[in-house]
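Asks:
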Amino acid sequence: MRRPMQQVFTLKTPQLVQTYCAEAPDPLFVMETLELMEEKAIGMSKSIYRYVIRALSRGGYAREALHWLAVLGEKESTHATIPIFNIFLNAFGSRADLKDAECCLEILESLFLGKSEITYCELLKLAVLQGNLPAAYDIWKDCSRYYSPSIITQRRFIRALTALGDLQSAYHILQHMVVLAARSSDYLRVSSKRRYQSSRLDIPVPALNEFEDLTLPSCQGKLATGEHLVDAQPELFEEKTQSGNNLSYKGVDGAANTLKSAPNAVKQILRWAFNDVLHACVQFNNCQLAEHLFTEIKAMERRGIGLYSDTLAALSVGHSNSSQLDLAEELLERISEIKPKHIHAINALLSGCAIMNEPERAVRILAKMKHVNMKPTLRTYELLFSLFGYVNVPYEEGNVLSHVDVSKRISIIEMDMFNNGIQHSFVSMKNLIRAFGSEGMIEEMLRYLNIAENILWNINPYQKSDLYSIALHALVDAKETHRAVMIFKIMRSCSLPTNILIYNTMIECCKWLPCFKSASALLSLMLRDGFNPTVVTFTSLLKVVLANDDFEWALDLLDICKIEGLQPDIQIFNTVLSHAYARGKIHVLEYIVECIHRAKIQPDPSTLWYTFCAYEEHELYNTAIEALLVLSMRMISEDVSILSEKRIVFEDLILSEEPDAELRIIRAFQAGEEFFATALLNLRWCATMGATISWSPEESLWARRLASSYDANKRPHINPSDVPKSWRRNQLNHPYWKAY
Numbered sequence: 001m002r003r004p005m006q007q008v009f010t011l012k013t014p015q016l017v018q019t020y021c022a023e024a025p026d027p028l029f030v031m032e033t034l035e036l037m038e039e040k041a042i043g044m045s046k047s048i049y050r051y052v053i054r055a056l057s058r059g060g061y062a063r064e065a066l067h068w069l070a071v072l073g074e075k076e077s078t079h080a081t082i083p084i085f086n087i088f089l090n091a092f093g094s095r096a097d098l099k100d101a102e103c104c105l106e107i108l109e110s111l112f113l114g115k116s117e118i119t120y121c122e123l124l125k126l127a128v129l130q131g132n133l134p135a136a137y138d139i140w141k142d143c144s145r146y147y148s149p150s151i152i153t154q155r156r157f158i159r160a161l162t163a164l165g166d167l168q169s170a171y172h173i174l175q176h177m178v179v180l181a182a183r184s185s186d187y188l189r190v191s192s193k194r195r196y197q198s199s200r201l202d203i204p205v206p207a208l209n210e211f212e213d214l215t216l217p218s219c220q221g222k223l224a225t226g227e228h229l230v231d232a233q234p235e236l237f238e239e240k241t242q243s244g245n246n247l248s249y250k251g252v253d254g255a256a257n258t259l260k261s262a263p264n265a266v267k268q269i270l271r272w273a274f275n276d277v278l279h280a281c282v283q284f285n286n287c288q289l290a291e292h293l294f295t296e297i298k299a300m301e302r303r304g305i306g307l308y309s310d311t312l313a314a315l316s317v318g319h320s321n322s323s324q325l326d327l328a329e330e331l332l333e334r335i336s337e338i339k340p341k342h343i344h345a346i347n348a349l350l351s352g353c354a355i356m357n358e359p360e361r362a363v364r365i366l367a368k369m370k371h372v373n374m375k376p377t378l379r380t381y382e383l384l385f386s387l388f389g390y391v392n393v394p395y396e397e398g399n400v401l402s403h404v405d406v407s408k409r410i411s412i413i414e415m416d417m418f419n420n421g422i423q424h425s426f427v428s429m430k431n432l433i434r435a436f437g438s439e440g441m442i443e444e445m446l447r448y449l450n451i452a453e454n455i456l457w458n459i460n461p462y463q464k465s466d467l468y469s470i471a472l473h474a475l476v477d478a479k480e481t482h483r484a485v486m487i488f489k490i491m492r493s494c495s496l497p498t499n500i501l502i503y504n505t506m507i508e509c510c511k512w513l514p515c516f517k518s519a520s521a522l523l524s525l526m527l528r529d530g531f532n533p534t535v536v537t538f539t540s541l542l543k544v545v546l547a548n549d550d551f552e553w554a555l556d557l558l559d560i561c562k563i564e565g566l567q568p569d570i571q572i573f574n575t576v577l578s579h580a581y582a583r584g585k586i587h588v589l590e591y592i593v594e595c596i597h598r599a600k601i602q603p604d605p606s607t608l609w610y611t612f613c614a615y616e617e618h619e620l621y622n623t624a625i626e627a628l629l630v631l632s633m634r635m636i637s638e639d640v641s642i643l644s645e646k647r648i649v650f651e652d653l654i655l656s657e658e659p660d661a662e663l664r665i666i667r668a669f670q671a672g673e674e675f676f677a678t679a680l681l682n683l684r685w686c687a688t689m690g691a692t693i694s695w696s697p698e699e700s701l702w703a704r705r706l707a708s709s710y711d712a713n714k715r716p717h718i719n720p721s722d723v724p725k726s727w728r729r730n731q732l733n734h735p736y737w738k739a740y
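Counting in our numbering, the sequence shown runs from 1 upward without gaps.
1. Where do the N-terminal and C-terminal ends of the alpha helix (DSSP H) with residue 472 fall, by residue?
2. What's the gap between the Cα of residue 278 and the Cα of residue 464?
3. Can you tell me the Cβ-Cβ gap for residue 123 and residue 139, rounded? I've got them flagged as a contact below 8 angstroms.
4. Use the C-beta contact count for residue 175: other C-beta atoms within 10 angstroms, 16 or more gives buried, fewer gives exposed.
5. How about residue 458 and residue 389: are their beta carbons less than 8 angstroms apart?
6. What's the C-alpha gap between residue 411 and residue 320?
7. Among 504, 704, 631 and 498, which one has its Cα closest to the Cα of residue 680?
8. Counting along the chain, where does the alpha helix (DSSP H) carrying residue 512 start and finish?
9. Quick test of your reading: residue 437 and residue 473, contact by CB under 8 angstroms. State the CB separation rounded to the nearest angstrom.
10. Quick one: give me the first and last residue of the alpha helix (DSSP H) that residue 563 is part of.
11. Between the alpha carbons of residue 633 and residue 560, how many angstroms are there, rounded?
12. Over what stretch of residues does the alpha helix (DSSP H) that includes residue 617 continue unbroken?
13. At which residue ranges does the region 666-706 contain complete alpha helix (DSSP H) runs of 4 or more residues, listed in the order of the chain?
14. Closer than 6 angstroms by C-beta to residue 34: which residues in its own chain qualify, once you throw out the five before and the five after it? Chain order, please.
15. Give me the Cα-Cα distance between residue 268 and residue 274, rounded to the nearest whole angstrom.
16. Hey, which unbroken runs of the beta strand (DSSP E) at 3 residues or more fall wholly within the region 143-167?
17. Distance check for residue 110 and residue 63, CA to CA, integer angstroms please.
18. In this structure, does DSSP put residue 421 in helix, strand or coil?
19. Between residue 526 and the rest of its own chain, which residues show a CB-CB distance below 6 angstroms, the 5 nearest in sequence each way excluded?
20. Below 8 angstroms between beta carbons: does that hold for residue 575 and residue 543?
21. Can you find the residues in the same chain that come closer than 8 angstroms, C-beta to C-beta, to residue 677, ignoring five residues on each side of it along the sequence?
22. For residue 154, count neighbouring Cβ atoms within 10 angstroms of its own Cβ and tell me buried if that reaches 16, exposed if not.
23. Quick check on residue 635: does DSSP put it in helix, strand or coil?
24. Out of 590, 596, 409 and 586, state which residue places its alpha-carbon closest to the alpha-carbon of residue 572.
25. Keeping to the same chain, check which residues put their C-beta closer than 7 angstroms to that of residue 424; ignore five residues upstream and five downstream.
26. Is residue 383 closer than 8 angstroms to residue 354 when the C-beta atoms are compared?
27. From the DSSP output, in three-state form, read off residue 567 for me.
28. Buried or exposed: which applies to residue 621, given that a residue is buried once 16 or more other Cβ atoms fall within 10 Å of its Cβ?
29. Which residue's Cα is closest to the Cα of residue 685: 582, 323 and 656?
30. Taking only the alpha-carbon atoms, compute the straight-line gap between residue 522 and residue 485 and give it to the nearest angstrom.
31. Between the beta-carbon of residue 577 and the beta-carbon of residue 566, is there less than 8 angstroms?
32. Express the C-alpha separation of residue 289 and residue 370 in angstroms, rounding to a whole number.
33. Report the option in 706, 476, 462 and 479 whose CA atom is closest to the CA atom of residue 495.
34. According to the Cβ coordinates, are residue 91 and residue 58 closer than 8 angstroms?
35. Using a Cβ-Cβ cut-off of 6 angstroms (strictly less than) and excluding sequence neighbours within five positions of residue 380, which residues of its own chain qualify?
As structure tokens, this is what we get:
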């Protein structure tokens with residue numbers, strides 16, 4: 001409870017009372033104090049005005065604070081009042097209140113007081129909170145017109161621009177900061193609150209013209225840098241020397257010694273600014289700028305300006321997320337003292353290893369964790385189950401030896417997990433069940449599915465359905481049809497939510513029976529549950545009808561898939577190709593190959609394999625090579641003009657006589673471009689066998705024969721207005737759906 005004001009004034013002077021009110025803040029107490037001061041005819045000093053404005057501003061009394069700012073401006077004729085206006089902007093800028101800031105600027109304008117460098121910094125905060133990048137541009141333009149911004153001010157602009165997403169402009173200012181630091185022309189001091197401040201005087205610029213409004217029209221996407229950055233070059237660590245009004249770069253070596261001798265405070269500010277830009281590169285996924293800055297790290301270290309561990313960790317996370325695992329691992333190695341808080345960077349790298357299937361790299365990371373005594377988190381164990389729960393998959397099926405190895409690995413991971421007091425989560429159990437299922441360890445998978453149901457009692461129905469879906473997929477792959485049906489019935493009886501993936505899996509299960517009636521019953525259930533068939537659904541149906549060698553019905557399903565408005569993919573065509581190859585149906589295989597070409601779908605290595613082997617097993621060797629040539633060309637591109645453009649480069653690789661030619665072909669393409677390498681290796685093999693490489697595949701006799709045969713034996717046209725309705729109606733009324 002407050003003491004009476006008279007008693008307060010007997011204890012403290014008015015200035016001390018106002019100081020308390022400003023720090024509290026206590027705007028009501030301030031207003032009471034002002035009334036009492038007026039009664040006692042106590043004058044207002046400039047310091048008291050400062051405390052009053054601070055208390056009212058921080059307490060949210062904008063109107064009253066603006067009133068006292070106007071009173072102060074009328075009484076004071078010097079520019080020493082600008083810091084008090086800055087106090088107001090600081091308080092209300094944190095609330096992103098544009099209207100109050102504009103009123104403050106109007107008072108400044110009416111009093112012709114101008115702006116100081118700190119005023120621009122406070123306005124910049126408001127622009128960031130408003131998300132107003134054009135305003136930030138104009139604040140910089142105005143500030144750099146009247147000032148040579150200090151290194152602290154430049155760092156504030158860098159932080160603002162990176163927050164607003166303009167990394168290029170922040171990078172240009174960072175260039176100038178390095179130049180300023182190299183000249184050692186900006187000295188810093190430490191305030192009483194342990195903050196860096198520029199030692200030079202902050203003299204306000206007189207308001208000769210009207211101030212521009214904060215809400216300005218949109219600028220072009222690059223900072224208007226003004227005279228100080230006109231000559232900025234793309235290289236960051238180059239030194240400029242002043243020659244008149246222009247700046248010219250001397251080079252990296254020239255700046256090295258001057259940066260070494262720069263004050264520690266200047267190096268610290270520069271380090272902060274550099275880290276701001278790098279963190280923004282990670283946030284906005286600007287890999288190009290990040291890599292450019294990363295090349296300068298060693299130069300920074302030579303000049304005594306090292307990167308923070310948190311920045312290295314953030315960069316490592318960014319490179320892990322973009323699957324650049326070499327850079328991500330190198331950045332982690334640069335952290336001199338890795339701490340428990342950096343576990344998120346290690347987990348990100350482990351996640352990248354899981355995606356790129358690089359368990360060997362993951363082993364190195366685990367060894368480093370053990371070396372520094374870093375404890376894994378739950379996320380770490382979830383990733384370990386995903387990384388080391390497989391041995392043969394995806395290259396080949398599991399066997400007795402791989403099963404023993406998988407059991408041993410998972411047992412070790414689980415033991416370490418429990419020793420660290422970490423319990424299984426939904427994700428860890430999901431990864432475990434998937435690992436056992438992929439290796440064909442059905443009994444272990446079902447045992448862990450039962451464990452998951454017992455210990456994860458709080459998971460929602462959709463998560464439980466997700467676990468069952470993984471188990472169903474593994475059971476179908478293992479031809480455990482009866483168990484798959486049993487689990488599906490359990491899901492139905494427990495009213496667990498289903499999805500299109502579950503229905504596609506169960507339809508594919510019918511190929512092992514084989515029973516198209518059961519597949520139709522499942523399709524009927526799927527339609528009744530509101531799920532529309534997808535290309536994968538039709539692929540599963542194709543597998544069922546092909547199990548009965550019903551190629552006519554399979555081709556009808558392909559037509560219905562198109563009429564349903566679905567775009568077939570290469571997998572659905574390969575499903576027919578594989579069965580045609582297995583049954584020796586050359587005419588069906590050639591019809592499907594032409595369908596692929598006319599649908600403008602690029603073949604994949606499986607397409608080439610089935611086609612080539614089908615001819616080869618019938619001893620049609622020349623046809624096999626010709627088909628391989630044409631399909632390899634189409635796998636590179638279906639566009640003849642693109643093939644012609646790349647002809648010279650590709651021929652150099654294909655016809656090379658160097659002993660490492662195949663290795664050059666493999667190294668010529670990055671991840672995701674394996675099909676190019678496969679196609680070129682096929683073409684090189686064909687050339688070795690004496691075939692002539694033609695870059696106009698449509699002129700091939702084999703390609704022309706397939707096109708002519710397709711036109712001559714074209715299947716009867718299906719009326720697109722009738723088939724979908726009748727087909728769907730037949731499925732919905734199917735008598736077998738009640739069996740489920």
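Glycine included, each C-beta is placed from N, C-alpha and C at the ideal position.
None of the values given here were measured: they were computed from a predicted structure.
Replies: Reading it off the structure:
1. As a working note, residue 472 is residue 472 in the sequence shown. Counting along the chain, the alpha helix (DSSP H) containing residue 472 begins and ends at 461-477.
2. Sequence index remark: in the sequence shown, residue 278 carries index 278 (1-based). Sequence index remark: in the sequence shown, residue 464 carries index 464 (1-based). About 41 angstroms.
3. Here residue 123 refers to the residue found at position 123 when the sequence shown is read from its first residue. Here residue 139 refers to the residue found at position 139 when the sequence shown is read from its first residue. Rounded, the Cβ-Cβ distance is 5 angstroms, consistent with contact.
4. Taking the sequence shown and counting its residues from 1, the one referred to as residue 175 is at position 175. By the neighbour-count rule (16 or more Cβ atoms within 10 Å), residue 175 is buried.
5. By one-based count along the sequence shown, residue 458 stands at place 458. By one-based count along the sequence shown, residue 389 stands at place 389. No.
6. The count along the sequence shown starts at 1 and reaches residue 411 at position 411. The count along the sequence shown starts at 1 and reaches residue 320 at position 320. Looking at the backbone, the Cα of residue 411 and that of residue 320 are separated by about 28 angstroms.
7. The sequence position of residue 680 within the sequence shown is 680, counting from 1. Closest option to residue 680, Cα to Cα, is 631.
8. Counting from 1 along the sequence shown, the entry for residue 512 is found at position 512. Premise fails: residue 512 is in no alpha helix (DSSP H) and is neither H nor E.
9. As a working note, residue 437 is residue 437 in the sequence shown. As a working note, residue 473 is residue 473 in the sequence shown. At roughly 7 angstroms, the Cβ-Cβ gap stays under 8 angstroms, so residue 437 and residue 473 are in contact.
10. One-based indexing of the sequence shown puts residue 563 at position 563. 551-563 is the span of the alpha helix (DSSP H), which, as asked, contains residue 563.
11. Locating residue 633 in the sequence shown gives position 633, where the first residue counts as 1. Locating residue 560 in the sequence shown gives position 560, where the first residue counts as 1. Rounded to the nearest angstrom, the gap between the Cα atoms of residue 633 and residue 560 is 30 angstroms.
12. Numbered from its first residue, the sequence shown carries residue 617 at position 617. For residue 617, the uninterrupted alpha helix (DSSP H) run begins and ends at 605-617, by DSSP.
13. 674-688
14. Taking the first residue of the sequence shown as 1, we reach residue 34 at position 34. Nothing listed; no residue qualifies.
15. In the sequence shown, counting from the first residue as 1, residue 268 sits at position 268. In the sequence shown, counting from the first residue as 1, residue 274 sits at position 274. Straight across, the Cα-Cα distance linking residue 268 with residue 274 is about 10 angstroms.
16. none
17. Numbered from 1 along the sequence shown, position 63 holds the residue referred to as residue 63. Numbered from 1 along the sequence shown, position 110 holds the residue referred to as residue 110. Those two C-alpha atoms are separated by around 17 angstroms.
18. For this step, residue 421 is matched to residue 421 along the sequence shown. Three-state DSSP puts residue 421 in coil, outside helix and strand.
19. As a first step, residue 526 is located in the sequence shown; it is residue number 526 there, counting from the start. Same-chain partners within the cutoff: 503.
20. Numbered from its first residue, the sequence shown carries residue 575 at position 575. Numbered from its first residue, the sequence shown carries residue 543 at position 543. Contact: yes.
21. The residue given as residue 677 occupies position 677 in the sequence shown. Apart from sequence neighbours up to five positions away, the residues of its chain that approach residue 677 with a beta-carbon distance below 8 angstroms are 665, 666, 668 and 669, ordered along the chain.
22. For the purposes of this step, residue 154 is taken as the residue at position 154 of the sequence shown. Its Cβ being crowded by 16 or more others within 10 Å, residue 154 is buried.
23. By one-based count along the sequence shown, residue 635 stands at place 635. It is helical.
24. Taking the first residue of the sequence shown as position 1, residue 572 is located at position 572. Ranking the options by Cα distance to residue 572, first place goes to 596.
25. As a working note, residue 424 is residue 424 in the sequence shown. Excluding positions up to five away in sequence, the list reads 455.
26. Here the question's residue 354 lines up with position 354 in the sequence shown. Here the question's residue 383 lines up with position 383 in the sequence shown. Taking 8 angstroms as the Cβ cut-off, residue 354 and residue 383 qualify as a contacting pair.
27. For this step, residue 567 is matched to residue 567 along the sequence shown. Of the three classes helix, strand and coil, the one that applies to residue 567 here is coil, per DSSP.
28. Stepping through the sequence shown from its first residue, residue 621 is reached at position 621. Result: exposed.
29. Position 685 of the sequence shown holds residue 685. Per the Cα distances, 656.
30. One-based indexing of the sequence shown puts residue 522 at position 522. One-based indexing of the sequence shown puts residue 485 at position 485. Spanning the two alpha carbons is a distance of roughly 11 angstroms.
31. Numbered from its first residue, the sequence shown carries residue 577 at position 577. Numbered from its first residue, the sequence shown carries residue 566 at position 566. No, these two residues do not count as a Cβ contact at 8 angstroms.
32. Position 370 of the sequence shown, counting from 1, holds the residue named residue 370. Position 289 of the sequence shown, counting from 1, holds the residue named residue 289. Each residue's alpha carbon lies about 33 angstroms from the other.
33. In the sequence shown, the residue the question calls residue 495 occupies position 495. Cα-wise, what sits closest to residue 495 is 462.
34. The sequence position of residue 91 within the sequence shown is 91, counting from 1. The sequence position of residue 58 within the sequence shown is 58, counting from 1. Contact: yes.
35. The sequence position of residue 380 within the sequence shown is 380, counting from 1. Around residue 380: 347.
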